[in-house]
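Q:
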Amino acid sequence: MTEIWLIATDITEEQAAALGELIDPDERARAARTPDGPGRRRFLAAHAAARLLTAAAAGVPPERVRWRRGPHGRPEPVDLEGKLSVNLSTAGRWALFAVQQRADGDGEIGVDLEPVPSGHAAARLARRYYPASETGGGAAEFTRRWTRKEAYTKAHGGRLADGLRTHAGPVGGPGPYRIDGPLGPCTVHDLPAPPGHRAAAARTGSRLVRPRLLSYPADLAQEFGIRRVDGLDPHHLQRVDGLDPHHLQRVDGSGAHRTPATRRPDLEGRP
Numbered sequence: 004m005t006e007i008w009l010i011a012t013d014i015t016e017e018q019a020a021a022l023g024e025l026i027d028p029d030e031r032a033r034a035a036r037t038p039d040g041p042g043r044r045r046f047l048a049a050h051a052a053a054r055l056l057t058a059a060a061a062g063v064p065p066e067r068v069r070w071r072r073g074p075h076g077r078p079e080p081v082d083l084e085g086k087l088s089v090n091l092s093t094a095g096r097w098a099l100f101a102v103q104q105r106a107d108g109d110g111e112i113g114v115d116l117e118p119v120p121s122g123h124a125a126a127r128l129a130r131r132y133y134p135a136s137e138t139g140g141g142a143a144e145f146t147r148r149w150t151r152k153e154a155y156t157k158a159h160g161g162r163l164a165d166g167l168r169t170h171a172g173p174v175g176g177p178g179p180y181r182i183d184g185p186l187g188p189c190t191v192h193d194l195p196a197p198p199g200h201r202a203a204a205a206r207t208g209s210r211l212v213r214p215r216l217l218s219y220p221a222d223l224a225q226e227f228g229i230r231r232v233d234g235l236d237p238h239h240l241q242r243v244d245g246l247d248p249h250h251l252q253r254v255d256g257s258g259a260h261r262t263p264a265t266r267r268p269d270l271e272g273r274p
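Below you can see the structure in the form of structure tokens.
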């Protein structure tokens, strides 16, 4: 089972206060280091959603979920008998969270969600980080490649520098794509994303399974968040009628823990 959740993270101060009680002490300390305002509220929404969705997949209470970090910063849930692979990516008012069962050939999962930068920033970053054969194309093409490369890196728990030098496969077409890079092989899926963004998921397992992309409400403070996510462009995310038992709206589709070993470039072009 592979599920990928698009999370709307703009929440109120009251909701943020409630979610601060849900996350663990380490996450609260990280939130406290984030300046007050939308950034802190979005952090709380994304990490609370990751905890709730991990708990639901594992069949345990949210307070049972604890995290540890791998050699390059990849978070993993502990005390769940190694059943789940999870990954989180954040981008402004959105977050992308993946949860996958480690069974029947399903390996590790990585996801990435990015805003499309300016053409100037995209060209500069492509020249600096990409193989020469991938420096052409516009900003959208650059971002499509970036999300594949970062998802690939996160699935393997590697260094971002290694992932960015990996060939990301052709841009366009239905996919999925097989990437054989320095960190190992991976299957990469392009995902629907909010307007002005690109997203991808990468899986190290042997089975070719198309993940389900689902939407998660911003109102996480009310019992797993039973509220519709508005503002999704239907041309980018097709709505499908029918709600699951927790009233989470399903969206058909094809937890940002960045690797600290490499300073992550800013896709908006700031130094």
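In our numbering, the protein residues as written are 4 to 274.
Think of the CB as a built atom: it goes at the ideal place given N, C-alpha and C, for glycine as much as any other residue.
#1: DSSP state of P173, grouped into three classes?
#2: So what's G161 in DSSP terms, helix, strand or just coil?
#3: With a 10 Å radius around its C-beta and 16 neighbouring C-beta atoms as the bar for buried, classify R72 as buried or exposed.
#4: Could you check the C-alpha separation between R151 and P195 for me, to the nearest Å?
#5: Please identify the residue among R131, G122 and Q104 whose C-alpha is closest to the C-alpha of G62.
#6: Kindly provide the ranges of any beta strand (DSSP E) runs that are 3 or more residues long and lie completely inside the segment 25-53, ordered along the chain.
#7: In its own chain, which residues sit with a C-beta less than 8 Å from the C-beta of I26, not counting the 5 before and 5 after it?
#8: What are the boundary residues of the alpha helix (DSSP H) that includes Y133?
#9: If you draw a straight line from the alpha carbon of E17 to that of R45, how long is it in whole angstroms?
#10: For L83 versus L91, is the C-beta spacing smaller than 9 Å?
#11: Beta-carbon within less than 6 Å of T12's beta-carbon, same chain only, minus the 5 sequence neighbours each way: which residues are those?
#12: What does the Cβ neighbour count give for H123, buried or exposed, with the cut at 16 atoms within 10 Å?
#13: Between the beta-carbon of I113 and the beta-carbon of R43, is there less than 9 Å?
#14: Which partner residues of G184 appear in the DSSP bridge assignment?
#15: Which residue from P118, R168, G161 and T93 puts its Cα closest to that of A129?
A: According to the data block:
#1: coil
#2: coil
#3: exposed
#4: 13 Å
#5: Q104
#6: none
#7: A34, L47, H50, A51 and R54
#8: Counting along the chain, Y133 falls outside any alpha helix (DSSP H), and DSSP gives it neither H nor E.
#9: 13 Å
#10: no
#11: R45, A48, A49, R96 and A98
#12: exposed
#13: Just to set this straight, residue 113 is Gly in the shown sequence, not Ile. Result no, Cβ atoms of G113 and R43 do not sit closer than 9 Å.
#14: G187
#15: R168
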